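K.L.:
Structure in C-alpha coordinates, see below.
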Amino acid sequence: MSYDVVIVDGNNMFYKAFSVYKDFSTFTGDREVFTGGTYGLVNSILTLKRDHKPSKIVVAWDRGHDARSALYPEYKANRDKSDEEFFENFYTQMDMAKNVLKYLGVVQASKEGEEADDIVGTLSRQFRDAGDNVLMVSADKDYQQLIDNRITLLAHKGKDNIKLWSDVDWAEMNGFHPAYFSMALGLMGDVGDNIPGVQGIGEKGAYKLIVENFA
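Count along the sequence shown from 1, then add 30; that gives the number in our numbering.
Here it is, written out as C-alpha coordinates:
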(Lines of atoms letter the chains of each structure in order from A; the text may use other names.)
(Lines give C-alpha, C1' and ligand atoms only; values in the text may rest on other atoms or scores of the structure.)
Protein backbone atom coordinates (compact mmCIF):
# COMPACT_ATOMS: atom_id res chain seq x y z
CA MET A 31 0.00 0.00 0.00
CA SER A 32 1.21 3.53 -0.75
CA TYR A 33 1.14 6.51 1.63
CA ASP A 34 1.65 10.21 1.07
CA VAL A 35 4.06 10.51 3.99
CA VAL A 36 6.16 8.00 5.94
CA ILE A 37 7.50 9.23 9.30
CA VAL A 38 10.09 7.06 11.06
CA ASP A 39 11.16 7.02 14.71
CA GLY A 40 14.88 7.07 13.95
CA ASN A 41 16.05 6.18 17.46
CA ASN A 42 13.71 3.22 17.71
CA MET A 43 14.66 1.85 14.29
CA PHE A 44 18.37 2.49 14.82
CA TYR A 45 18.41 0.72 18.20
CA LYS A 46 16.84 -2.41 16.70
CA ALA A 47 19.32 -2.40 13.81
CA PHE A 48 22.23 -1.81 16.19
CA SER A 49 21.16 -4.85 18.23
CA VAL A 50 20.43 -7.17 15.29
CA TYR A 51 23.57 -6.36 13.28
CA LYS A 52 25.90 -5.84 16.25
CA ASP A 53 28.77 -7.81 14.66
CA PHE A 54 28.76 -5.95 11.31
CA SER A 55 32.00 -4.02 10.79
CA THR A 56 34.53 -2.79 8.26
CA PHE A 57 38.12 -1.59 8.50
CA THR A 58 39.67 1.83 8.00
CA GLY A 59 43.32 0.99 7.71
CA ASP A 60 43.95 -1.30 10.67
CA ARG A 61 41.05 0.13 12.73
CA GLU A 62 37.81 -1.84 12.96
CA VAL A 63 34.68 0.29 12.58
CA PHE A 64 31.28 -1.16 13.52
CA THR A 65 28.55 -0.37 11.00
CA GLY A 66 25.58 -2.64 11.82
CA GLY A 67 23.28 0.07 13.16
CA THR A 68 23.90 2.25 10.12
CA TYR A 69 23.47 -0.65 7.70
CA GLY A 70 20.21 -1.84 9.26
CA LEU A 71 18.60 1.59 9.51
CA VAL A 72 19.50 2.75 6.01
CA ASN A 73 18.39 -0.58 4.52
CA SER A 74 15.03 -0.26 6.33
CA ILE A 75 14.51 3.30 5.06
CA LEU A 76 15.20 2.23 1.47
CA THR A 77 12.80 -0.71 1.88
CA LEU A 78 10.06 1.63 3.14
CA LYS A 79 10.56 3.91 0.13
CA ARG A 80 10.36 0.94 -2.24
CA ASP A 81 7.35 -0.75 -0.63
CA HIS A 82 5.17 2.28 0.20
CA LYS A 83 6.27 4.84 -2.41
CA PRO A 84 5.69 7.95 -0.27
CA SER A 85 6.02 11.42 -1.73
CA LYS A 86 7.75 12.39 1.53
CA ILE A 87 9.77 10.42 4.08
CA VAL A 88 10.96 11.93 7.36
CA VAL A 89 13.24 10.39 10.00
CA ALA A 90 12.82 11.89 13.49
CA TRP A 91 15.51 11.80 16.17
CA ASP A 92 15.69 12.32 19.94
CA ARG A 93 17.49 15.37 21.26
CA GLY A 94 17.00 14.76 24.97
CA HIS A 95 13.81 14.62 27.01
CA ASP A 96 13.93 17.88 28.97
CA ALA A 97 10.28 18.71 28.21
CA ARG A 98 9.06 15.43 29.70
CA SER A 99 11.47 15.53 32.64
CA ALA A 100 10.20 19.01 33.50
CA LEU A 101 6.71 17.52 33.88
CA TYR A 102 7.89 14.40 35.73
CA PRO A 103 11.49 14.49 37.10
CA GLU A 104 11.62 10.69 37.55
CA TYR A 105 11.00 10.10 33.82
CA LYS A 106 13.44 7.40 32.62
CA ALA A 107 15.41 7.72 35.87
CA ASN A 108 15.67 3.92 35.95
CA ARG A 109 17.74 3.70 32.75
CA ASP A 110 21.29 2.36 33.19
CA LYS A 111 23.89 4.44 31.34
CA SER A 112 27.01 3.00 32.95
CA ASP A 113 28.43 1.18 29.90
CA GLU A 114 30.54 3.94 28.32
CA GLU A 115 31.99 1.71 25.58
CA PHE A 116 28.51 0.64 24.47
CA PHE A 117 27.19 4.18 24.25
CA GLU A 118 30.30 5.50 22.50
CA ASN A 119 29.85 2.86 19.77
CA PHE A 120 26.09 3.46 19.69
CA TYR A 121 26.27 7.22 19.17
CA THR A 122 29.23 7.01 16.78
CA GLN A 123 27.19 4.72 14.54
CA MET A 124 24.10 6.91 14.92
CA ASP A 125 26.06 9.93 13.67
CA MET A 126 27.25 7.80 10.76
CA ALA A 127 23.65 6.81 9.95
CA LYS A 128 22.50 10.44 10.01
CA ASN A 129 25.29 11.40 7.60
CA VAL A 130 24.36 8.60 5.18
CA LEU A 131 20.69 9.65 5.25
CA LYS A 132 21.72 13.25 4.62
CA TYR A 133 23.79 12.10 1.63
CA LEU A 134 20.75 10.18 0.32
CA GLY A 135 18.58 13.29 0.63
CA VAL A 136 16.32 11.93 3.38
CA VAL A 137 14.67 14.67 5.48
CA GLN A 138 15.58 14.44 9.18
CA ALA A 139 13.83 16.26 12.02
CA SER A 140 14.61 16.95 15.67
CA LYS A 141 14.16 19.62 18.31
CA GLU A 142 16.27 20.38 21.35
CA GLY A 143 14.81 18.79 24.49
CA GLU A 144 12.25 16.70 22.61
CA GLU A 145 12.08 12.98 21.83
CA ALA A 146 11.42 11.47 18.41
CA ASP A 147 7.96 10.42 19.69
CA ASP A 148 6.98 14.07 20.02
CA ILE A 149 8.30 14.97 16.57
CA VAL A 150 6.54 12.03 14.88
CA GLY A 151 3.28 12.75 16.70
CA THR A 152 3.31 16.43 15.80
CA LEU A 153 4.22 15.87 12.15
CA SER A 154 1.69 13.04 11.75
CA ARG A 155 -1.15 15.29 12.91
CA GLN A 156 0.02 18.20 10.74
CA PHE A 157 0.27 16.07 7.60
CA ARG A 158 -3.08 14.42 8.39
CA ASP A 159 -4.77 17.79 8.81
CA ALA A 160 -3.35 18.80 5.43
CA GLY A 161 -5.14 15.81 3.87
CA ASP A 162 -2.25 13.34 3.65
CA ASN A 163 -2.37 9.63 4.48
CA VAL A 164 0.43 9.01 6.95
CA LEU A 165 2.41 5.90 7.88
CA MET A 166 4.27 6.05 11.22
CA VAL A 167 7.06 3.49 11.70
CA SER A 168 8.06 2.43 15.23
CA ALA A 169 7.85 -0.55 17.58
CA ASP A 170 7.15 1.85 20.48
CA LYS A 171 3.66 1.11 21.83
CA ASP A 172 3.05 4.80 22.67
CA TYR A 173 2.39 5.50 18.99
CA GLN A 174 -0.80 3.43 19.06
CA GLN A 175 -2.72 6.37 20.57
CA LEU A 176 -2.11 8.37 17.36
CA ILE A 177 -3.74 5.90 14.96
CA ASP A 178 -6.83 7.22 13.20
CA ASN A 179 -8.54 7.11 9.81
CA ARG A 180 -5.57 8.82 8.09
CA ILE A 181 -2.69 7.68 10.34
CA THR A 182 -1.51 4.07 10.23
CA LEU A 183 1.20 2.47 12.38
CA LEU A 184 3.78 0.00 11.10
CA ALA A 185 5.34 -1.75 14.09
CA HIS A 186 8.46 -3.82 13.42
CA LYS A 187 9.04 -5.93 16.53
CA GLY A 188 11.18 -8.52 14.78
CA LYS A 189 11.67 -10.20 11.41
CA ASP A 190 8.57 -12.36 11.83
CA ASN A 191 6.55 -9.93 13.97
CA ILE A 192 5.49 -7.00 11.80
CA LYS A 193 2.11 -5.39 12.40
CA LEU A 194 0.34 -2.81 10.25
CA TRP A 195 -2.45 -1.17 12.25
CA SER A 196 -5.23 1.03 10.90
CA ASP A 197 -7.77 2.43 13.35
CA VAL A 198 -10.28 -0.24 12.27
CA ASP A 199 -7.79 -3.09 12.73
CA TRP A 200 -6.69 -1.80 16.11
CA ALA A 201 -10.25 -1.28 17.40
CA GLU A 202 -11.30 -4.77 16.29
CA MET A 203 -8.39 -6.31 18.17
CA ASN A 204 -8.70 -4.31 21.40
CA GLY A 205 -12.39 -3.42 21.64
CA PHE A 206 -12.06 0.38 21.64
CA HIS A 207 -10.74 3.16 19.41
CA PRO A 208 -6.98 3.85 19.66
CA ALA A 209 -7.72 7.45 20.69
CA TYR A 210 -8.44 6.01 24.17
CA PHE A 211 -5.11 4.18 24.37
CA SER A 212 -3.50 7.11 26.20
CA MET A 213 -6.01 6.50 29.02
CA ALA A 214 -4.92 2.86 29.15
CA LEU A 215 -1.28 3.92 29.42
CA GLY A 216 -2.15 6.28 32.26
CA LEU A 217 -3.93 3.51 34.14
CA MET A 218 -1.34 0.76 33.70
CA GLY A 219 1.81 2.92 33.72
CA ASP A 220 5.02 2.25 31.83
CA VAL A 221 7.83 0.41 33.60
CA GLY A 222 10.30 1.11 30.78
CA ASP A 223 9.89 4.89 31.20
CA ASN A 224 9.62 4.69 35.01
CA ILE A 225 6.03 5.96 34.99
CA PRO A 226 3.79 4.48 37.70
CA GLY A 227 0.21 3.49 36.95
CA VAL A 228 -2.75 2.84 39.22
CA GLN A 229 -1.81 0.18 41.75
CA GLY A 230 -3.32 -3.20 40.89
CA ILE A 231 -4.28 -2.30 37.31
CA GLY A 232 -2.40 -3.91 34.42
CA GLU A 233 -3.09 -3.98 30.72
CA LYS A 234 -6.11 -6.29 30.91
CA GLY A 235 -7.70 -4.27 33.71
CA ALA A 236 -7.07 -0.97 31.95
CA TYR A 237 -8.56 -2.21 28.68
CA LYS A 238 -11.57 -3.63 30.52
CA LEU A 239 -12.32 -0.30 32.19
CA ILE A 240 -12.11 1.59 28.89
CA VAL A 241 -14.32 -0.90 27.03
CA GLU A 242 -16.92 -0.71 29.82
CA ASN A 243 -16.94 3.09 29.93
CA PHE A 244 -16.06 4.40 26.48
CA ALA A 245 -16.46 1.73 23.77
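Each residue gets a CB set at the ideal place from its N, CA and C atoms; glycine is no exception. Just so you know, these numbers come straight off a predicted model, no measurement behind them.
1. Mind listing, in chain order, the continuous beta strand (DSSP E) runs of no fewer than 3 residues lying wholly within the segment 38-105?
2. Measuring CA to CA, which of Gly66, Val36 and Thr58 is closest to Thr77?
3. Look up Gln229 in the DSSP assignment and say whether it is helix, strand or coil.
4. Spell out the partners DSSP gives Trp195 in its beta bridges.
5. Put Asp34 into one of helix, strand or coil per three-state DSSP.
6. Leaving out five residues before and five after Ile181 in sequence, what residues of the same chain have Cβ atoms less than 7 Å from its Cβ?
7. So, with DSSP's three-state summary, where would you put Val164?
8. Report the partner residues of Asp220 according to the DSSP bridge assignment.
9. Distance check for Leu131 and Phe206, CA to CA, integer angstroms please.
10. Assuming Gln175 contacts Trp200 under a Cβ cut-off of 8 Å, what Cβ separation, rounded to an integer in Å, is found between them?
11. State the CB to CB distance for the pair Val63 and Thr56, rounded to an integer number of angstroms; the pair is presumed to be in contact (CB under 8 Å).
12. Can you tell me whether Thr58 is buried or exposed? The criterion is at least 16 other CB atoms within 10 Å of its CB, across all chains shown.
13. When burial is assigned at 16 or more other CB atoms within 10 Å of the CB, is Tyr102 buried or exposed?
14. Suppose the cutoff is 7 Å on Cβ atoms and the five residues either side in sequence are ignored; what does the same chain contact list for Met124 look like?
15. Do Gly94 and Gly40 have their CB atoms nearer than 9 Å?
16. Val130 by DSSP, collapsed to three states: which one?
17. Would you kindly report the start and end of the unbroken alpha helix (DSSP H) that includes Gln156?
18. Between which residues of its own chain and His82 is the CB-CB distance below 8 Å, once the five residues before and five after are set aside?
19. When the distance is taken between beta carbons, is Ala214 closer than 9 Å to Ile192?
P.N.:
If we stick to the structure as given:
1. 55-58, 61-64 and 86-90
2. Val36
3. coil
4. Leu183
5. coil
6. Ser154, Arg158, Val164 and Met166
7. strand
8. Ile225
9. 38 Å
10. Actually they are not in contact, since the Cβ atoms of Gln175 and Trp200 sit about 10 Å apart, beyond 8 Å.
11. 6 Å
12. exposed
13. Low local confidence applies: a pLDDT of 49 at Tyr102 is under 50, so the model's placement there is unreliable, and no value is given.
14. Phe44 and Gly67
15. no
16. helix
17. Ala146 to Asp159
18. Met31, Ser32, Tyr33, Val36 and Leu165
19. no
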